[in-house]
Amino acid sequence: MARGAAGGRAEHPGAASPRALRDRRRDRPGGTVTGVGAAVATAAAGVTALLLALVLTEPLRRLALRRGITDRPSARKAHTRPTPYLGGVAVALATLTAGTLTALAGGVLDPVLGVLLGGAALMCTVGLVDDLRPLSAGLRLCIETPAAALVVLVGGHPDIFGGAIDAVLAVVWIVFVTNAFNLLDNMDGAASSLCVVIAVFACVTAPAGGRGGLGPVMAALAGACVGFLFHNRHPARIFLGDAGSLFLGFTLASSMMVLHDDVGGLAGPASLVLATLVPTLDTTLVMLSRYRESRPLMQGGTDHIAHRLRRLGLSVRQVVRSLSVFTVACCLSAVLVTYGLLAPGVALVAACVVGAGTVLLLLEIPSSPVTAAAGAAAPGRMAAADIARSALPLRPTGGRRGRSLRPMAMPHSRAGRKAGPLSPTAGTPAAPQ
């Protein structure tokens, strides 16, 4: 068991036996909640958070509209109408409230849980400030890194190489996943849906990790995201914002790190990599794409996995379902690794091969509508009519339930009229919903 300065390290690099793990967990603060009581507490946390998020989101949406806290369309964004933020605040409040109350009711007084929830609340606050007044990437990293370091210091980390290098890698991984979820929040319902899947995985593996309070917290996070999805599914009426995406990323990464602190060898890293493979691939794809095209790495754009799948003709909901199904497969593999039913080395190699192949294939899809139109000038690519259609802005049509995006006959904004039909302000290609 690796705990940095807070505890000892396992004496051997291999994974500990199940009996050894159980013996260690009996000595942990807060103990291990097991049996019917654990199931009831977990279910109660999930349902409570779902209802809280469902109720809190609409008032926060109205507040954001009154205060002008909205995300406005631009050339670097996929949505076509101003959409309020503050959805992440509802998710954070629901998760923290339900998770804390359930832990207190069950008598689980684990200092690790307090550090984790405190860091998550800090990430939500930082994200909210960033939503209202953008912060520099450097300042955000200066806040995220100490928060991640405190989680690793108190909660521990998987034992891979031994010594301080494991702790450093753990901090870097938490910060990376936190920001990867921030980048992943680029399409209606995407980040929330994937968070539900990964949180359920963490909830399932919580008994193996021996943290009595983390199971209900992960259930609360999943429930809060489900409640929020009623407002955030396409067409979204409210966005997570940085407050929500940073909160989701930090909470998931920190919880999974703590849950795998007893795991030695490759089992811990393999489970963590598999569970967060989609956010990792998305960030890798974006960084490679922007570097190859000599664009600023930290500048937003419609070059993520979700946007490229849209250019293949998938609807928004089809994209979200595809990413969710892929994440389910990855998390199932991670569960098998965690419980010793799948060799971690095999799982890591498979993840690397699938990940590298996916990124290479997605790099062949144009990173923007303008790039797609320019590349279509070559023979045998795309018809001129398709190029013109892909350059037109989109407008919502149909009723509230059957709303879809259709290309408008002419640009709908002053910027669009000035830029012309192939401007980045022209929007993204339409696809069936």
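All letters in the sequence shown, in the order written, are residues 38 to 470 by the numbering used here.
Even for Gly, the Cβ is constructed at its ideal location relative to N, Cα and C.
Note that the structure is a prediction, hence the values are computed from the model and not measured.
Coarse secondary structure for residue i, derived from DSSP in three states
{"i": "histidine 28", "result": "The question about residue 28 has no answer here: the residues shown for the chain are numbered 38 through 470."}
{"i": "proline 121", "result": "strand"}
{"i": "proline 448", "result": "Caution applies to proline 448, whose pLDDT of 41 falls short of 50 and renders its modelled position unreliable; the value that the coordinates give is listed next. Proline 448: coil per DSSP, three-state reduction."}
{"i": "threonine 313", "result": "coil"}
{"i": "aspartate 108", "result": "strand"}
{"i": "asparagine 219", "result": "helix"}
{"i": "glutamate 95", "result": "helix"}
{"i": "histidine 268", "result": "helix"}
{"i": "glycine 83", "result": "helix"}
{"i": "serine 331", "result": "coil"}
{"i": "aspartate 203", "result": "helix"}
{"i": "valine 234", "result": "helix"}
{"i": "isoleucine 342", "result": "helix"}
{"i": "arginine 103", "result": "helix"}
{"i": "methionine 224", "result": "coil"}
{"i": "alanine 243", "result": "helix"}
{"i": "leucine 303", "result": "coil"}
{"i": "alanine 273", "result": "coil"}
{"i": "glycine 439", "result": "Note that glycine 439 scores a pLDDT of 45, beneath 50, so its modelled location is shaky; the value from the coordinates is reported in the next line. DSSP places glycine 439 in coil when its eight states are reduced to three."}
{"i": "glycine 74", "result": "helix"}
{"i": "aspartate 279", "result": "helix"}
{"i": "valine 298", "result": "The amino acid occupying residue 298 in the given sequence is aspartate; valine does not appear at that position. It is coil, neither helix nor strand."}
{"i": "glycine 337", "result": "coil"}
{"i": "glycine 252", "result": "helix"}
{"i": "cysteine 262", "result": "helix"}
CA nearest to the CA of residue i, picked from the options
{"i": "valine 234", "options": "Leu172, Asp167, Ala257 and Ala140", "result": "Ala257"}
{"i": "valine 209", "options": "Glu95, Cys161, Thr317 and Thr395", "result": "Thr317"}
{"i": "glycine 143", "options": "Gly74, His297, Gly264 and Ala243", "result": "Gly74"}
{"i": "aspartate 222", "options": "Ile342, Leu150, Ala101 and Leu190", "result": "Ile342"}
{"i": "valine 126", "options": "Leu379, Asp167 and Pro381", "result": "Asp167"}
{"i": "phenylalanine 238", "options": "Val365, Thr120 and Leu283", "result": "Val365"}
{"i": "alanine 80", "options": "Leu123, Gly260, Leu141 and Arg104", "result": "Gly260"}
{"i": "serine 292", "options": "Thr107, Gly151 and Arg109", "result": "Gly151"}
{"i": "isoleucine 392", "options": "Thr313, Ala380 and Thr375", "result": "Looking at the sequence shown, residue 392 is not isoleucine but glycine. For the residues Thr313, Ala380 and Thr375, the minimum Cα distance to glycine 392 belongs to Thr313."}
{"i": "alanine 380", "options": "Gly302, Ser361 and Thr339", "result": "Gly302"}
{"i": "leucine 159", "options": "Cys240, Val315 and Arg177", "result": "Arg177"}
{"i": "aspartate 299", "options": "Thr107, Thr375, Met255 and Ser370", "result": "Thr375"}
{"i": "proline 119", "options": "Thr94, Arg98, Thr134 and Val128", "result": "Arg98"}
{"i": "histidine 297", "options": "Ala207, Val396, Val356 and Gly83", "result": "Ala207"}
{"i": "leucine 277", "options": "Tyr122, Leu91 and Val241", "result": "Tyr122"}
{"i": "phenylalanine 213", "options": "Gly193, Gly192 and Ala186", "result": "Ala186"}
{"i": "alanine 304", "options": "Ser359, Leu373, Arg170 and Gly192", "result": "Leu373"}
Assigned exposure category for residue i - 16 Cβ within 10 Å defines buried
{"i": "glutamate 181", "result": "buried"}
{"i": "proline 403", "result": "buried"}
{"i": "serine 173", "result": "exposed"}
{"i": "glycine 394", "result": "exposed"}
{"i": "glycine 286", "result": "buried"}
{"i": "cysteine 179", "result": "exposed"}
{"i": "phenylalanine 198", "result": "exposed"}
{"i": "serine 331", "result": "exposed"}
{"i": "glycine 175", "result": "exposed"}
{"i": "valine 383", "result": "exposed"}
{"i": "arginine 368", "result": "For the record, residue 368 in the displayed sequence is cysteine; it is not arginine. Classification for cysteine 368: buried."}
{"i": "leucine 130", "result": "buried"}
{"i": "leucine 398", "result": "exposed"}
{"i": "methionine 335", "result": "exposed"}
{"i": "alanine 76", "result": "exposed"}
{"i": "leucine 100", "result": "exposed"}
{"i": "glycine 105", "result": "exposed"}
{"i": "proline 195", "result": "buried"}
{"i": "glycine 377", "result": "exposed"}
{"i": "tyrosine 328", "result": "exposed"}
{"i": "proline 253", "result": "buried"}
{"i": "glycine 149", "result": "The amino acid at residue 149 is misidentified as glycine; the sequence shows valine. Valine 149 is buried by the Cβ-count criterion."}
In chain order, which alpha helix (DSSP H) runs of at least 4 residues are fully inside the stretch 348 to 412? 353 to 375, 381 to 400 and 406 to 412
Are the stretch 259 to 278 and the stretch 320 to 336 touching, with three or more C-beta to C-beta distances below 8 angstroms? no
Which runs of the alpha helix (DSSP H) spanning at least 4 residues fall entirely within the stretch 131 to 189, listed in chain order? Segments of the alpha helix (DSSP H) lying fully in the stretch 131 to 189: 148 to 169.
Is it the case that the stretch 272 to 287 contacts the stretch 335 to 350, given that we only count it when at least three CB pairs across the two stretches are under 8 angstroms? no
For the structure I just gave you, are there three or more beta carbon pairs, one from the stretch 227 to 243 and one from the stretch 194 to 202, closer than 8 angstroms? no
For the stretch 159 to 178 against the stretch 302 to 316, do three or more pairs of beta-carbon atoms, one drawn from each stretch, fall closer than 8 angstroms, so that the two count as touching? no
Does the stretch 389 to 404 come close enough to the stretch 350 to 360 to have 3 or more Cβ pairs within less than 8 angstroms? no
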